[in-house]
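Protein chains: 2
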Amino acid sequence: MDNHPLFKKFVAFTAAVHQITNDITKDVKPETLTPVQYKILEYIAVSQPVTLSEISDCMHMSMPNTSRELRKLTEKELLVKVTDPADRRKQGITLSPEGQAMIDEVFRGAAQRVGERIEHLTAEQQQEIERALDLLQEKIFYV
Amino acid sequence: MDNHPLFKKFVAFTAAVHQITNDITKDVKPETLTPVQYKILEYIAVSQPVTLSEISDCMHMSMPNTSRELRKLTEKELLVKVTDPADRRKQGITLSPEGQAMIDEVFRGAAQRVGERIEHLTAEQQQEIERALDLLQEKIFYV
DNA sequence: TGTTTTTGTTATCAAAAGACAACTAAAGGA
DNA sequence: TCCTTTAGTTGTCTTTTGATAACAAAAACA
Chain A
1 MDNHPLFKKF
11 VAFTAAVHQI
21 TNDITKDVKP
31 ETLTPVQYKI
41 LEYIAVSQPV
51 TLSEISDCMH
61 MSMPNTSREL
71 RKLTEKELLV
81 KVTDPADRRK
91 QGITLSPEGQ
101 AMIDEVFRGA
111 AQRVGERIEH
121 LTAEQQQEIE
131 RALDLLQEKI
141 FYV
Chain B
144 MDNHPLFKKF
154 VAFTAAVHQI
164 TNDITKDVKP
174 ETLTPVQYKI
184 LEYIAVSQPV
194 TLSEISDCMH
204 MSMPNTSREL
214 RKLTEKELLV
224 KVTDPADRRK
234 QGITLSPEGQ
244 AMIDEVFRGA
254 AQRVGERIEH
264 LTAEQQQEIE
274 RALDLLQEKI
284 FYV
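Sequences listed follow chains A and B, in order.
143 is the number that my numbering gives the last residue of the first sequence; the numbers go up by one with no jumps.
286 is the number that my numbering gives the last residue of the second sequence; the numbers go up by one with no jumps.
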C-alpha cells in the first residue's frame, strides 16, 4: 500500500485540505480565543450537545485540561452546561447565544471565501463537487 | 452563500478530514517531536526543498520561531540546510536521510490505515475515489 | 450495604509555542 | 557608493498547552 497510487493522492489531498481550511479561517477566527479554545468551540458547534468526555476523546485531550478550557469558555459566556437529569454526572454542553453568534460570524467569513472559490463554476460543476464530497465522506472520511 | 447547500457539506467534510487524518497519524507520530516540529517535518517532506521564509509563511509562524524550531530539528539531524549559491541569503531545506526515514515510517503507518479503509472496495470504486480526490483538489482545495 | 466505575474538578508543575526587540549578512537599487 | 530591502538569527519574556496527582459526587453493581 505504501506506493499505492491512491495513497500519494491521499497525502497530497489531506495536506491541501489542511492548508486551505487553515488559510480560510485564519483571519476570521476571534482573537479572544486561543487555538485550542477555538477548536473546541468549533467542535461543539457541529456536534452539540456534547459531554466533556466526548470532547476529551475526540480532541485527544486529557479530562483535566478539557475541563479547564471549558471553564474558560464558560467564563467568557460562550457556552452553557446543562446537567443531564437522567445521569447527573453528565452535562450536556451547548453554545450560548453569544457563542453561537461568534461561530456564525466565523462561518459566514469562511463561507464567503469558499464562495469565491466556486462561484465561477457552472451549476453542473457545483453538483459534481457536491457528489465528490459525499462520496469521499462516505467511503474514506467516515467517523 | 451562508446557507448555500455546498457550504454545509464543506464544513462537515473538512471537519471529518481533520478528525480522520488526526486519528490516522495520532499514534504513528514519533514521540521525540513536538506537534509543531512534526508538522514542519511533514511540510518539508511534501514540499522540499523549501526556504525558512516559505515555511514561516505557510505555517503562519514568525521567522524567529520558525528559525528556532528548524535549529532544533537540525540538532536532531533530521534535516539539512544548503545555502543557495545564487542567493547566499537563502537556504534550501531538505530532509536528511534520517529525517526521510522517519517520515517514510510515519507514512507507512498512515498508508496502512488508509488501506484498511479502502481495501474492501472494488477497483472501480477506488478509481471513483481517485477521481473525486482529483476533482476536489483542482476545483476547491487548490493552492 | 459497601465497593467499584464513571464523570468530572481543582491544583500544580513543566514543556511548548508565540511575540518582540535587536542584530547580521547578502542582494538590489539610486 | 550609500541606502534599502530581503532572509535569517539570537535572546528574552509571556502565554498556552500538556501531564499528573488528589479529590468529589453520582451511578452501577455485588
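Even glycine gets a Cβ: it sits at the ideal position worked out from N, Cα and C.
The model shown is predicted, which means the values in this text are computed figures rather than measured ones.
DSSP lists no bridge partner for T14(A).
Residue state for K224(B) is assigned as strand, using DSSP reduced to three classes. Residues of the same chain with a CB within less than 7 Å of the CB of E69(A), apart from the 5 flanking positions on each side, are V36, Q37 and I40 in chain order. Around the Cβ of E218(B), a 10 Å sphere holds fewer than 16 other Cβ atoms; the residue is exposed. Put simply, the backbone Cα of G99(A) is about 7 Å away from that of E77(A). For the pair T51(A) and T226(B), the Cα-to-Cα distance works out to about 52 Å.
If you compare the alpha carbons of K90(A), A111(A), L79(A) and A86(A) with that of S96(A), the shortest gap goes to L79(A).
In the pairwise beta carbon analysis, the segment 7-27 of chain A is classified as touching the segment 266-286 of chain B: at least three pairs are separated by under 8 Å. DSSP, reduced to helix, strand and coil, places L264(B) outside both helices and strands of the structure shown, so it counts as coil. Among the residues facing chain A, L195(B) is not included, as its CB has no counterpart in that chain under 8 Å away. Judged by beta-carbon spacing, E273(B) lies within the 8 Å limit of K9(A), meaning their Cβ atoms are closer than that value. Of the other Cβ atoms in all chains shown, fewer than 16 fall within 10 Å of the Cβ of A86(A); this residue is therefore exposed.
Closest by C-alpha distance to M61(A), out of K224(B), K169(B), Q234(B) and S205(B), is K169(B). Closest in C-alpha terms to A188(B), from the list F284(B), V257(B), V249(B) and Q269(B), comes V249(B). Excluding its 5 nearest sequence neighbours in each direction, Q112(A) has no C-beta neighbour in its own chain below 6 Å.
In the structure shown, T194(B) falls within a coil segment according to DSSP collapsed to helix, strand and coil. For L184(B), there are no C-beta contacts with chain A under 8 Å, since the nearest C-beta of that chain is about 13 Å from it.
Here the C-alpha atom of Y285(B) lies approximately 12 Å from the C-alpha atom of D23(A). Contact annotation: in the segment 150-169 of chain B, residues whose CB is within less than 8 Å of a CB in chain A are F150, K152, F153, V154, A155, F156, T157, A158, A159, V160, H161, Q162, I163, T164, N165 and K169. Counted as a single uninterrupted DSSP element, the stretch harbouring T32(A) is not any beta strand (DSSP E), since DSSP gives it neither H nor E.
The Cβ of K224(B) sits no closer than 8 Å to any Cβ of chain A.
Within chain B, L278 have C-beta atoms less than 7 Å from the C-beta of E128(A), given in sequence order. Here I93(A) carries a strand assignment [DSSP, helix/strand/coil]. Collapsing the DSSP output to three states places S62(A) in coil. Against chain A, the beta carbon of Q268(B) has neighbours under 8 Å at K139, listed in chain order. Closer than 8 Å to the CB of I118(A) there is at least one CB belonging to chain B.
Listed along the chain, the chain B residues whose CB falls inside 8 Å of the CB of V143(A) are A159, Q162 and I163. Contact of A244(B) with chain A is not assigned, every C-beta pair being separated by 8 Å or more. Contact between G258(B) and V171(B) does not hold, since their C-beta atoms are separated by about 13 Å, which reaches or exceeds 8 Å.
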